[in-house]
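Numbering (our numbering), first residue to last: 306 to 555.
Ideal Cβ placement from N, Cα and C applies to all residues, glycine included.
Have a look at the structure below before the remarks.
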Ligand SMILES: [Mg+2]
């Protein structure tokens, strides 16, 4: 592989969690371990960019042995209580049928997501976005989205839930986090990578130097463990190749 201008740059990876670094169904990160080990050895930071809560992200980071900064929904715009209040108003006013985490017990969240009670209570510890299951028609969903926009709220579709959140999101988070690296390590030439399994993360993928949309087993392939097992590693290898860096040994 020929040398390239980018070869002297230092990579930082911004990674979605659900369906990307974590298996869509089991939330396991076992399949990503070889890629994470490789990135650690290459001194490439893996920065979580996720709508998961702080309570969910901290134990995961500890488990993976990562200590880089991260973005969780905690840092997005609207406070959770304000979002819940607006959703309740909409429900009263327009009769929308949906079920948010705030409407569920921890037991119900555990059942929906296949989580333990403790994990469910971490998932329910929300600060600034509400996951919900839509139980109404597509037409009503369109109306719902329009009403949300009037309140400066966004609706995005994740692998399992819709998410209602304020402005900000993963694009501006990635920009801010990247700035952190530029400012704190000014001697290096940084190159940013974005990894996600969803078009919802387009705002993040648009602001990075190397965007990688991992294959979504939900939309394109039958959801087999095997496919999602190899997905993250493939994405990482693809990103390293895109960076065209011999020094990364790919
Ligand atoms: Mg995802």
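Using C-beta distances below 7 angstroms, list every residue in its chain close to residue i, excluding the 5 sequence neighbours before and after it, in chain order.
i           : result
residue 394 : none
residue 466 : 436, 437 and 438
residue 445 : 401
residue 316 : 349, 496, 498 and 548
residue 326 : 320, 334, 337 and 537
residue 486 : 317 and 495
residue 411 : 422, 425, 426 and 429
Quick one: is the Cβ of residue i within less than 7 angstroms of any heavy atom of ligand 1?
i           : result
residue 497 : no
residue 501 : yes
residue 407 : no
residue 463 : yes
residue 416 : no
residue 372 : no
residue 335 : no
residue 325 : yes
residue 330 : no
residue 441 : no
residue 321 : yes
Residue i by DSSP, collapsed to three states: which one?
i           : result
residue 319 : strand
residue 544 : helix
residue 352 : strand
residue 324 : coil
residue 291 : Outside the displayed span of the chain (306 to 555) sits residue 291, for which this structure offers no information.
residue 401 : coil
residue 501 : strand
residue 510 : helix
residue 329 : coil
residue 532 : At residue 532 the pLDDT is 35, less than 50, meaning the model places this residue with poor confidence; the figure from the coordinates comes in the next sentence. It is helical.
residue 453 : helix
residue 563 : Because residue 563 is not part of the residues shown, which for the chain are 306 to 555, the question remains open.
residue 410 : coil
residue 374 : coil
residue 462 : strand
residue 491 : coil
residue 485 : helix
residue 447 : helix
Taking C-beta to C-beta, are residue i and residue j nearer than 8 angstroms?
i           : j           : result
residue 476 : residue 512 : yes
residue 539 : residue 515 : no
residue 431 : residue 449 : no
residue 479 : residue 509 : yes
residue 321 : residue 497 : no
residue 324 : residue 464 : yes
residue 341 : residue 351 : yes
residue 460 : residue 388 : no
residue 353 : residue 375 : yes
residue 422 : residue 358 : no
residue 447 : residue 391 : no
Residues in the same chain with beta-carbon distance under 8 angstroms from residue i, minus the five sequence neighbours each way, listed in chain order, please.
i           : result
residue 384 : 432 and 433
residue 314 : 493, 494, 495, 496, 548 and 550
residue 470 : 356, 378, 381, 382, 383, 388, 433, 434, 435, 458, 459 and 461
How close, in whole Å, do the beta carbons of residue i and residue j come, if the pair is a contact with beta carbons under 8 angstroms?
i           : j           : result
residue 347 : residue 318 : Their Cβ separation, rounded to whole angstroms, is 10 angstroms, which puts residue 347 and residue 318 out of contact at 8 angstroms.
residue 425 : residue 418 : 7 angstroms
Spatial neighbours of residue i within its chain, please: C-beta separation below 6 angstroms, excluding the five flanking residues on both sides.
i           : result
residue 474 : 508
residue 468 : 356, 434, 436 and 461
residue 504 : none
residue 366 : none
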